[in-house]
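Here's the structure we're looking at; comments come further down.
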Amino acid sequence: MNKRNLLVIGLATLLSACGFQLRGSGDVQFALKELDVSARNAYGKTVSDVRDVLQNNGVKVYPGAPYNLVLSNEQEDRRAASFTSSARTAEYELNKTLEYEIRGSKNLLLLSDKLEAQSVYSQDGNNLIGNDQEAEQIRQEMNRELIQQLVLRLQQITPQQLDQLQQTAEAKAQAEAEALEAARQQQAAQPQQSPIQLPSPAQ
């Protein structure tokens, strides 16, 4: 395992030792006390872990909460990062992204963002099982990193901020609806042209 991977794992261990654990121990403080959590992959591990860390740190997670955290897209991409002298892959670069939204009343979008994690791991042509185990361990650490990033973002959000974003979103939606209705009324008020009558052919 290369130095970069050891650094990632060491950082995760340090964060755990300082009190942050994925399944929470009441040490992470959130201004938001109620939140619904959903995802495109409703039964995926990421959304389950996010629910756990919120619930175990004092956030009531339930359908119908005033605001909904939506994990809208989760992607993983792997590419060759370096090659051996025989043109075989020596290292892989793994990228994981997590896009999320917070929606309010009437399902209005209040904010959205994208989180990213990246790591590089070695490929040993003589140890395929070890390669798979290392890759899986790296994936787990990257998932933890993405969730830690999300937790830090959520800690910075207050109900007052979301209330203000809700008012802005409602005003925008109302303005758009009024503009569409005005355009519809203007079109309806315009006289419709009668179809052109062609003269009948002479008998």
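Under the working numbering, residues 147 to 349 are what the sequence shown spells out, in order.
For glycine and all other residues, C-beta sits at the position ideal for the given N, C-alpha and C.
If you're wondering where the values come from, they're calculated on a predicted model, not measured in any experiment.
Simplified DSSP state of LYS206, which is helix, strand or coil: strand
At the level of alpha carbons, what is the spacing between THR314 and SER251? 12 angstroms
Taking its Cβ as the centre, do 16 or more other Cβ atoms sit within 10 Å of GLU280, making it buried, or is it exposed? buried
Do VAL216 and LEU200 come within 8 angstroms of each other at the CB atom, strictly closer than that value? no
Look at the Cβ atom of ILE303, then the Cβ atom of ALA188, and state whether they are nearer than 8 angstroms. no
Nearest neighbour of VAL207, chosen from ARG225, THR192 and GLU180 [CA to CA]: GLU180
Look up VAL183 in the DSSP assignment and give the residues it is bridged to. LEU215
Assign SER258 to one of two classes, buried (16 or more other C-beta atoms within 10 Å of its C-beta) or exposed (fewer than that). exposed
Where GLU322 and LYS260 are concerned, what is the direct C-alpha to C-alpha distance, given to the nearest angstrom? 27 angstroms
What is the residue span of the beta strand (DSSP E) that SER258 lies within? 255-268
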